[in-house]
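Here is the structure we will look at.
Protein chains in written order, with the working numbering: chain P, 1 to 573; chain Z, 1 to 337.
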């Protein structure tokens, strides 16, 4: 029953305001929604907040093997301070580079038509298709000191600069993450109402100035939000850092090493380092909020700009530039395909000699990582999407006093690296009332927690556009609220839920940094196996698994976009 | 307002419980005939064992938990009250000596083929193979300079920043080499080495980074480095220092309270078998511990008789491990590398 009819009923019986509110609350308690909110809050507190609190407490209470607390070790050894500074530096630099590439690319794609624009459309896919675990290594296969490109250039007398350390870290992470800026900015520019720009121009401002003055405040929050996301991902990045940071100590790698060294013992150093990484992200979040809060504008109903056609040399230039960005982004995929079919003897690749032996091997003798991945990811996606759907309904449509907390907790994993989540789960569910260490359940749990924000954000995307009046109309026609929800609201949400399911699936099967901390013998997933093979120098076999992983990722995307016509990135205006 | 129950709630709950239940219900390894091996060995070596086991022990599945030997032993120590692993493979006596309570004495029927020196007198551990320390050199990255010939050569400042070794706290490979260098060249030699090398937390990084040319010299064991030579990467060569190098048996042990029970012993026997050790030699270039396998018949590794060995006392190394690692870490911290 709606607020209006409640008020009317109250007016008819002459109830006072406080008792009216009381009546409303009592009435809402008879619907399932507040109870559902509480149940979900309880789940999130146990499986997300508690692990995080354990990490924070552990950083103070934990005593390492040599009798020092985590903070004492961090204070005593300068490499930890260096790692913190390096991590912040890397985060800032990569974020800036990602903005430099992502924002103009989004702008040109939204406002201009140029030759070859179609290929830019595949960009969002690249981000989720290339597993991070393999990105750094494929770059090294090409431009490392022994890389294909490096050697070819060396023969013609050109020396490439060393790719190890800062150069490689910045390059690989920029090209791994700039698409987040691109996607976020593109959606904001397309949602921007071009009439505002026209109005400013008609009032006498020059086109360039008006564009800047009017558009910037509207697009800026989206740009900053994606910048924060990139920063967070860089701080938490483990897979790329592990391969390239021999000369540049980074927090994520030291945290992982501390975790491996402290398994089973008092988690002093790992929890301290994890706390530091949470603190860095919180600081960035705070800075971003400060900037965004200064000016907040909303466009109610946008009329998107019509793309301007660019032909001639300007079109060619733009097309070439965009094409180059896409080509570089696709380099890892190309390397994986080539690597998977290239003969290898031990760690040495025989370029130009082809074989299908690596793929055959995966299917005939080493299928377990694939089966594990499919099993855990399928279960995690099912649970995650159910939770995401319920949470988005509660947050968008069934608000109550506890809703902001639910909203906040759901978004929290975005600020936590996989390593931190893994450490928290391991610390919380190692022994005690719910002992999950050594089971598949803890891997599933890590997946669900880590990807919940993605799923929820996508599931709720269309919910804002479903007017409450539809639901109310159904209820006033005598259909009970829950049946109304199932028959009316849920079908309208279906496309968004499907998109959320596909995105949750694709990001889950490629998850490494949390699962590598919580997995146990016989439960290795494909990314873990790839990580091990890369560590053993067996790039060809790693590529074969990489190719398979890409197939597992791409297949549902193709099915969803081709046959179910689902807008995966909610970026079409 | 009527109530038709809480279908969404119930569905959520059912889905979650079913999901967790299904995962928990995946067969535990005791039922499925699995043996979990905690191993510091690379994938090549582990797969050599798995390959041969699939023929010799049908129905038994071998799983690996990988990591540095020091890391794994500390983990096993922490898990001792509720053991998760069945076999630990492998480390040198210098490291194993500090973890004796973890191991279950077991006298394998295969023991007759193993020389007495490669077997613990009270059956706490046995060797699968013997490692030889080498300098793995990437000649393209030497910048035109001559390749080192001796351990003493590596103290030359021209190798500063070009050389890499693992952290001896995590890797018994690094411990064997550094301990040997100090015995051979004295405390000053160790200090000068610390000034030259970059220390990485994982032993596997040494091989990868020299193979890919990030570093010119990697201090490691012959077996893993030889894979690059055998694979045909021309600029990689192995230097067996002419002032004498260090050898160490690669030991493995049965873990106390191994969940796989009798199967764990079968896997232990398998690691000692002629098939497994021959395959380890062929696929992973590990010189077998068994005396009945002729190395030169299978691979082109230099014969042991051509390699000068500098003897080290592993008992002493084991006893002083903790103190040595502390000293080394102080040297590294002082070097600023």
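From the three backbone atoms N, C-alpha and C, an ideal C-beta is built for every residue, glycine too. On a predicted model such as this, the values are computed, not experimentally measured, just so you know.
- One thing to note: residue 281(Z) has its Cβ no nearer than 8 Å to the Cβ of residue 103(Z).
- Every alpha helix (DSSP H) of 4 residues or more that sits fully in the region 70-133 of chain Z is shown, in chain order, as 93-96.
- Distance from residue 341(P) to residue 351(P) at the Cβ level is roughly 11 Å; contact not present, criterion being Cβ atoms closer than 8 Å.
- Among the residues of chain P, those whose CB is under 9 Å from the CB of residue 211(Z) are 146, 347, 348, 537, following chain order.
- For the pair residue 221(Z) and residue 90(Z), the CB atoms are not nearer than the 8 Å cut-off.
- By the CB criterion at 8 Å, residue 322(Z) and residue 203(Z) fall outside the cutoff.
- Taking 8 Å as the CB threshold, residue 42(Z) lines the interface with chain P.
- For residue 445(P), the closest alpha carbon among the candidates 46(P), 528(P), 273(P) is that of 46(P).
- The region 279-296 of chain Z makes contact with the region 124-138 of chain Z, as at least three CB pairs between them are under 8 Å.
- Residue 319(P) and residue 71(Z) have their C-alpha atoms some 52 Å from each other.
- In chain order, 345, 348, 350 make up the part of chain P whose C-beta sits under 9 Å from the C-beta of residue 232(Z).
- Cβ contact annotation for residue 246(P) (same chain, cutoff 8 Å, sequence separation greater than five): 164, 165, in chain order.
- Only buried fits residue 214(Z), as 16 or more other CB atoms lie within 10 angstroms of its CB.
- Under the Cβ distance rule, residue 65(Z) counts among the residues neighbouring chain P, one pair being separated by less than 8 Å.
- Taking C-alpha positions only, residue 390(P) is separated from residue 333(Z) by approximately 53 Å.
- Close CB contacts of residue 160(Z) within its chain, under the 6 Å cut and outside five residues either way in sequence, are with 196 (chain order).
- Across the set 111(Z), 198(Z), 308(Z), the C-alpha of 198(Z) shows the shortest separation from the C-alpha of residue 154(Z).
- In this structure, the CA atom of residue 377(P) is about 6 Å from the CA atom of residue 508(P).
- Within chain P, the residues 345, 346, 347, 348, 537 have their CB atoms less than 9 Å from the CB of residue 227(Z), given in chain order.
- Restricting attention to 166(Z), 244(Z), 96(Z), 236(Z), the CA atom closest to the CA of residue 180(Z) is found in 244(Z).
- Exclusion of the five residues before and after residue 529(P) leaves 369, 545 as the residues of its chain whose Cβ lies within less than 7 Å of its Cβ.
- Those residues of the region 126-156 of chain Z placed with their C-beta closer than 9 Å to a C-beta in chain P are 138, 140, 141, ordered along the chain.
- For residue 366(P), the three-state secondary structure derived from DSSP is coil.
- Rounded to whole angstroms, the Cβ separation of residue 279(P) and residue 70(P) is 13 Å, and the two are not in contact under 8 Å.
- Distance from the CA atom of residue 439(P) to the CA atom of residue 525(P), rounded to whole angstroms, is 13 Å.
- Annotated three-state conformation of residue 288(Z) is strand, per DSSP.
- Sequence-ordered contacts of the region 193-224 of chain Z with chain P read 198, 200, 201, 202, 204, 205, 207, 208, 209, 211, 212, 213, 214, 215, 224 [C-beta pairs closer than 9 Å].
- Taking C-beta atoms as the reference points, residue 183(Z) and residue 216(Z) fail to come closer than 8 Å.
- Within the region 430-458 of chain P, those residues whose Cβ lies closer than 7 Å to any Cβ of chain Z are, in chain order, 438, 439, 440, 441, 444.
- In the assembly as shown, residue 363(P) is an exposed residue. Its beta-carbon has fewer than 16 other beta-carbons within 10 Å.
- Interface with chain Z (8 Å Cβ-Cβ cutoff): residue 533(P) is included.
- Within the same chain, Cβ atoms closer than 7 Å to the Cβ of residue 88(P) are found at 280, the five residues on either side in sequence being excluded.
- Rounded to the nearest whole angstrom, the C-alpha separation of residue 335(P) and residue 142(P) is 8 Å.
- Listed as beta-bridge partners of residue 164(Z) by DSSP are 198(Z), 218(Z).
- For residue 550(P), same chain residues with a beta-carbon under 8 Å away, outside a window of 5 residues either side, are 129, 130, 131, 333, 336 in chain order.
- When C-beta distances to chain Z are compared with 7 Å, every residue of the region 394-413 of chain P stays at or above that value.
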